[in-house]
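Residue numbering for the sequence shown follows our numbering, beginning at 47 and increasing consecutively.
Idealized CB from N, CA, C, for every residue including glycine.
What follows is a set of notes on a single structure, which appears directly below.
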Amino acid sequence: MPASVMSQEKTLWTAPFDPRFPNTNQTKNCWQNYIDYHRCQKVKGEDYSPCEYYKRVYTSLCPNGWVEKWDEQREEGRFPGRI
């Protein structure tokens with residue numbers, strides 16, 4: 047494959063194993079990483095790059111519809127989690 051084509055390919059990434067969530071149902075893992083990402087940004091600021099780890103994990107695990115709903119709830123001030 048030519049180098050120009052390879053440089054345009056995206057790297058696939060998935061969430062690593064988290065021993066706090068050993069079961070196949072990853073709902074709690076999704077939720078916790080969503081919360082951790084927004085807490086990290088709140089405490090460290092939006093430009094703090096290590097927070098992006100949590101975003102990659104929840105983006106990999108969570109259905110898009112859930113994330114959209116949670117984002118909407120946060121914007122409206124009615125999100126059920128503590129950030």
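Where residue i falls, given that 16 or more other Cβ within 10 Å makes a residue buried
| i | result |
| --- | --- |
| residue 58 | exposed |
| residue 103 | buried |
| residue 75 | buried |
First and last residue of the uninterrupted alpha helix (DSSP H) at residue i
| i | result |
| --- | --- |
| residue 111 | 110 to 122 |
| residue 85 | 73 to 90 |
| residue 94 | Unbroken run through residue 94: none, as it is neither H nor E. |
| residue 102 | 98 to 107 |
Cβ-based neighbour list, residue i, same chain, cut-off 8 Å, excluding 5 preceding and 5 following
| i | result |
| --- | --- |
| residue 136 | In the structure as shown, the chain begins at 47 and stops at 129. Residue 136 is therefore absent and cannot be evaluated. |
| residue 86 | 94, 96, 97, 100 |
Beta-carbon proximity list for residue i, same chain, < 6 Å, skipping 5 on both sides
| i | result |
| --- | --- |
| residue 84 | 129 |
| residue 119 | 125 |
Nonlocal neighbours in the same chain, by C-beta distance under 7 Å from residue i, ignoring five residues either side
| i | result |
| --- | --- |
| residue 72 | 107 |
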